[in-house]
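Here is the structure we will look at, set down as structure tokens.
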Amino acid sequence: MATCPPYPTHVHRHTHWWQRAWVRYGALITLLALSGLVILALVREQTGTQGFLVGLGLAVLPVPLLIAAFRWLDRVDPGPWRNLLFCFAWGACAAALIAIVANSFATRWIATATADPASADTLGATVIAPVVEESAKAAAVLLVFLFRRRDFTGIVDGVVVAGVTATGFAFTENILYLGTAFGTDQLTGDSGIASVTAATFFVRVVMSPFAHPLFTVLTGIGFGIAALSTGRHRLRRALLPLAGLLLAMGMHALWNGSAAFGEYGFFAVYAAFMVPSFGLLTWLMIWTRQRELGTVRAELPAYVMAGWLTPAEPYALGSMRARRIAR
Numbered sequence: 002m003a004t005c006p007p008y009p010t011h012v013h014r015h016t017h018w019w020q021r022a023w024v025r026y027g028a029l030i031t032l033l034a035l036s037g038l039v040i041l042a043l044v045r046e047q048t049g050t051q052g053f054l055v056g057l058g059l060a061v062l063p064v065p066l067l068i069a070a071f072r073w074l075d076r077v078d079p080g081p082w083r084n085l086l087f088c089f090a091w092g093a094c095a096a097a098l099i100a101i102v103a104n105s106f107a108t109r110w111i112a113t114a115t116a117d118p119a120s121a122d123t124l125g126a127t128v129i130a131p132v133v134e135e136s137a138k139a140a141a142v143l144l145v146f147l148f149r150r151r152d153f154t155g156i157v158d159g160v161v162v163a164g165v166t167a168t169g170f171a172f173t174e175n176i177l178y179l180g181t182a183f184g185t186d187q188l189t190g191d192s193g194i195a196s197v198t199a200a201t202f203f204v205r206v207v208m209s210p211f212a213h214p215l216f217t218v219l220t221g222i223g224f225g226i227a228a229l230s231t232g233r234h235r236l237r238r239a240l241l242p243l244a245g246l247l248l249a250m251g252m253h254a255l256w257n258g259s260a261a262f263g264e265y266g267f268f269a270v271y272a273a274f275m276v277p278s279f280g281l282l283t284w285l286m287i288w289t290r291q292r293e294l295g296t297v298r299a300e301l302p303a304y305v306m307a308g309w310l311t312p313a314e315p316y317a318l319g320s321m322r323a324r325r326i327a328r
């Protein structure tokens, strides 16, 4: 005679409405959209309609090149496009909004407290801005690290996520700076190479389009190394991202404060620090990419012995050139 168990064998957990995936995605998209609308209004208010359009047209120029560079770096084990779209949108909308509001508030408060607007501007650029901006950009890296952990497996993933976030942030910031420069030129009547717009474009878009990505990539490297750490090293996993963030803030502060080092301070910091740092990190990323390919070539022969792959496939999958030919 069959009997019913006294208790249910399976406990069905009730999913609250706010735990559903579509609700989370909808809330995130709404947050980014509202941030985008607010930052759009703020930038347009400061630059004017013409300045905004000019700034937008000039600021967009380096974006495809930077995105393509980070996407190339990620081609060994490419992450989903939705992660990159989120990171770019976070940088361009949410992080930019946080930065412009927090920086303005802090600078005004310091100017009022010290009655020294010049010192407040310097302190805001060299201390407040690096802390606020790098923290706001790091939030996107943290969110991907926590909620898209299967896509965040190493240093390359950290670099790509951080770099794309910073590219979005720099895009919005460049609209503001270039649009403001155009407004200044309209008031003074300057045009051509001698204009403030041309000088701003040369410094921000031609000389240093990699500046913000370079800073935030340090945070990404910290998260990337943490992703490689085992579960036993919890303290290391917590401290490495923080160390990367502090390095990003320090480099950002040095870059912003370069004008205080004298007439040629900016160029000295650019030549002696920024360019070598960019070259070193570029070499590190290419070396890491090649190491990933080497790992693929070393690991896959076991699958050949098991009969899952043909003898030629490990080499093909471990070489970007062979992958291109196979396509």
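So that you can map any letter, position 168 of the sequence shown is 169 in my numbering, and since no number is skipped, the others follow by simple counting.
Ideal Cβ positions, reconstructed from N, Cα and C, are used throughout, including at glycine.
In this text, all values refer to a predicted model and were calculated from it rather than measured experimentally.
Within 8 Å, strictly: CB atoms of residue i and residue j
{"i": "residue 93", "j": "residue 173", "result": "yes"}
{"i": "residue 97", "j": "residue 216", "result": "no"}
{"i": "residue 188", "j": "residue 48", "result": "no"}
{"i": "residue 241", "j": "residue 221", "result": "no"}
{"i": "residue 77", "j": "residue 294", "result": "yes"}
{"i": "residue 67", "j": "residue 277", "result": "no"}
{"i": "residue 167", "j": "residue 138", "result": "yes"}
{"i": "residue 248", "j": "residue 219", "result": "yes"}
{"i": "residue 95", "j": "residue 36", "result": "yes"}
{"i": "residue 91", "j": "residue 38", "result": "no"}
Inter-residue spacing [alpha-carbon to alpha-carbon] between residue i and residue j
{"i": "residue 159", "j": "residue 307", "result": "33 Å"}
{"i": "residue 122", "j": "residue 44", "result": "19 Å"}
{"i": "residue 198", "j": "residue 148", "result": "41 Å"}
{"i": "residue 51", "j": "residue 42", "result": "14 Å"}
{"i": "residue 212", "j": "residue 301", "result": "38 Å"}
{"i": "residue 203", "j": "residue 179", "result": "10 Å"}
{"i": "residue 2", "j": "residue 228", "result": "Interpretation of residue 2 is limited by its pLDDT of 49, a score under 50 that renders its predicted location unreliable; the figure taken from the coordinates is listed afterwards. Roughly 55 Å separates the two Cα atoms."}
{"i": "residue 64", "j": "residue 112", "result": "35 Å"}
{"i": "residue 244", "j": "residue 273", "result": "23 Å"}
{"i": "residue 269", "j": "residue 119", "result": "23 Å"}
{"i": "residue 311", "j": "residue 55", "result": "55 Å"}
{"i": "residue 192", "j": "residue 208", "result": "20 Å"}
{"i": "residue 281", "j": "residue 206", "result": "21 Å"}
{"i": "residue 24", "j": "residue 190", "result": "51 Å"}
{"i": "residue 236", "j": "residue 26", "result": "31 Å"}
{"i": "residue 275", "j": "residue 30", "result": "35 Å"}
{"i": "residue 292", "j": "residue 286", "result": "10 Å"}
{"i": "residue 124", "j": "residue 279", "result": "26 Å"}
{"i": "residue 289", "j": "residue 246", "result": "20 Å"}
{"i": "residue 309", "j": "residue 231", "result": "29 Å"}
Any C-beta of chain B under 8 Å from that of residue i
{"i": "residue 308", "result": "The structure shown contains no chain B, having only a single protein chain."}
Same chain only: Cβ atoms within 8 Å of residue i, ignoring 5 sequence neighbours per side
{"i": "residue 75", "result": "157, 158 and 161"}
{"i": "residue 61", "result": "172"}
{"i": "residue 151", "result": "none"}
{"i": "residue 266", "result": "259 and 260"}
{"i": "residue 53", "result": "44, 45, 176 and 180"}
{"i": "residue 200", "result": "182"}
{"i": "residue 262", "result": "269 and 270"}
Three-way DSSP call (helix, strand, coil) for residue i in this model
{"i": "residue 309", "result": "coil"}
{"i": "residue 113", "result": "helix"}
{"i": "residue 193", "result": "helix"}
{"i": "residue 166", "result": "helix"}
{"i": "residue 211", "result": "coil"}
{"i": "residue 267", "result": "helix"}
{"i": "residue 245", "result": "helix"}
{"i": "residue 122", "result": "helix"}
{"i": "residue 157", "result": "helix"}
{"i": "residue 65", "result": "helix"}
{"i": "residue 74", "result": "helix"}
{"i": "residue 231", "result": "coil"}
{"i": "residue 149", "result": "coil"}
{"i": "residue 81", "result": "coil"}
{"i": "residue 301", "result": "coil"}
{"i": "residue 2", "result": "The predicted model places residue 2 with a pLDDT of 49, which falls under 50 and marks its position as unreliable; any figure quoted below should be read in that light. DSSP places residue 2 in coil when its eight states are reduced to three."}
Closest by C-alpha distance to residue i, when choosing among the options
{"i": "residue 238", "options": "226, 282, 164 and 29", "result": "226"}
{"i": "residue 101", "options": "126, 116 and 218", "result": "126"}
{"i": "residue 253", "options": "290, 214 and 283", "result": "214"}
{"i": "residue 82", "options": "56, 145 and 35", "result": "145"}
{"i": "residue 80", "options": "36, 38 and 155", "result": "155"}
{"i": "residue 375", "options": "190, 183, 129 and 247", "result": "No information on residue 375 is available, as it lies outside the stretch 2 to 328 that the chain covers here."}
{"i": "residue 58", "options": "118, 31 and 183", "result": "183"}
{"i": "residue 131", "options": "95, 250, 271 and 285", "result": "250"}
Residue i beta carbon near the ligand ADP (any heavy atom closer than 7 Å)
{"i": "residue 42", "result": "Summarising the ligand content, the structure contains no ligands, and the ligand ADP is consequently not present."}
7 Å CB neighbourhood of residue i in its chain, flanking five on each side removed
{"i": "residue 165", "result": "68, 71, 85, 88 and 89"}
{"i": "residue 283", "result": "none"}
{"i": "residue 185", "result": "197"}
Neighbourhood of residue i by C-beta, 6 Å cutoff - its chain only, sequence neighbours within 5 removed
{"i": "residue 99", "result": "137"}
{"i": "residue 103", "result": "133"}
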